[in-house]
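**Q** The sequence shown begins at 1 in full-length UniProt numbering and counts up by one. Mind looking over this structure? Questions follow.
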Amino acid sequence: MSAVPAVKPASPPPPCCEHDHSDGVRAKVTLHAIRRYGDRILGLEETLEGLDDAEAVDAMVGMRLDVPAIREWLSFYGGVGKRHGAVGVCRDGVGLVLQGGRVVTVISKRGERRHRA
1 MSAVPAVKPA SPPPPCCEHD HSDGVRAKVT LHAIRRYGDR ILGLEETLEG
51 LDDAEAVDAM VGMRLDVPAI REWLSFYGGV GKRHGAVGVC RDGVGLVLQG
101 GRVVTVISKR GERRHRA
């Protein structure tokens with residue numbers, strides 16, 4: 001008799017998700033992606049300047065930002081892209097860059113427009 005390995009259930013989709021197209025697939029999220037989310041989406045670039053990625057994420061935690069929720073959001077939408085073989089995903093003006101099933105960075109056209117002004 002062989003044992004069936006336990007399958008860890010996927011995290012639920014984020015509350016903002018209207019349709020779950022992930023089929024339970026989640027992407028791994030790098031510290032660099034979380035840091036770039038802070039820089040480019042939350043506008044923390046000056047605050048996190050000079051810190052490496054781990055220090056920047058620690059600083060975000062120290063600011064009482066919901067880093068686990070950021071990671072889950074990136075993981076969910078990155079997982080949709082991973083499932084469909086994409087190299088990038090855009091959701092709500094946030095661009096996720098995927099590499100080998102991982103979210104490796106975050107880009108934002110909103111952030112680019114903010115810096116041009």
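Yeah, the Cβ is synthetic: ideal placement off N, Cα and C, and Gly gets one too.
With DSSP run on the structure shown, which of helix, strand or coil describes residue 113?
**A** In the sequence shown, counting from the first residue as 1, residue 113 sits at position 113. Residue confidence is low: residue 113 scores 47 on pLDDT, short of 50, so the model does not pin down where it sits. Its coordinate-derived value is still stated next. It is helical.
**Q** For the alpha helix (DSSP H) containing residue 80, list its first residue and its last residue.
**A** In the sequence shown, residue 80 corresponds to position 80, counting from 1. Unbroken alpha helix (DSSP H) run through residue 80: 67 to 83.
**Q** By the three-class DSSP mapping on this structure, what secondary structure does residue 48 have?
**A** As a first step, residue 48 is located in the sequence shown; it is residue number 48 there, counting from the start. Helix.
**Q** Report buried or exposed for residue 86, applying the criterion of at least 16 other Cβ atoms within 10 angstroms of its Cβ.
**A** The residue given as residue 86 occupies position 86 in the sequence shown. Under this definition residue 86 is an exposed residue.
**Q** Quick check on residue 64: buried or exposed, where buried means 16 or more other Cβ atoms within 10 Å of its Cβ?
**A** Residue numbering aside, residue 64 sits at position 64 when the sequence shown is read from its first letter. By the 10 Å Cβ count, residue 64 comes out exposed.
**Q** According to DSSP, is residue 96 helix, strand or coil?
**A** Position 96 of the sequence shown, counted from the first residue, corresponds to residue 96. The answer is strand: DSSP assigns residue 96 an E or B state.
**Q** Hey, how far is the Cα of residue 23 from the Cα of residue 17?
**A** By 1-based counting over the sequence shown, the position of residue 23 is 23. By 1-based counting over the sequence shown, the position of residue 17 is 17. The straight-line gap from Cα to Cα measures roughly 13 Å.
**Q** Throw me the rounded Cβ distance for the residue 88 and residue 97 pair, which I believe falls under 8 Å.
**A** Position 88 of the sequence shown, counting from 1, holds the residue named residue 88. Position 97 of the sequence shown, counting from 1, holds the residue named residue 97. Yes, residue 88 and residue 97 are in contact; Cβ-Cβ is about 5 Å, under 8 Å.
**Q** Restricting to Cα atoms, I'd like to know which of 37, 40, 13, 76 is closest to residue 101.
**A** For this step, residue 101 is matched to residue 101 along the sequence shown. Of the candidates 37, 40, 13, 76, the one whose C-alpha sits nearest the C-alpha of residue 101 is 76.
**Q** Who are the Cβ neighbours of residue 78 in its own chain at under 7 Å, not counting the five residues just before and after it?
**A** For this step, residue 78 is matched to residue 78 along the sequence shown. Within the same chain, residue 78 has close Cβ partners 27, 29, 89, 96, 98, 103.
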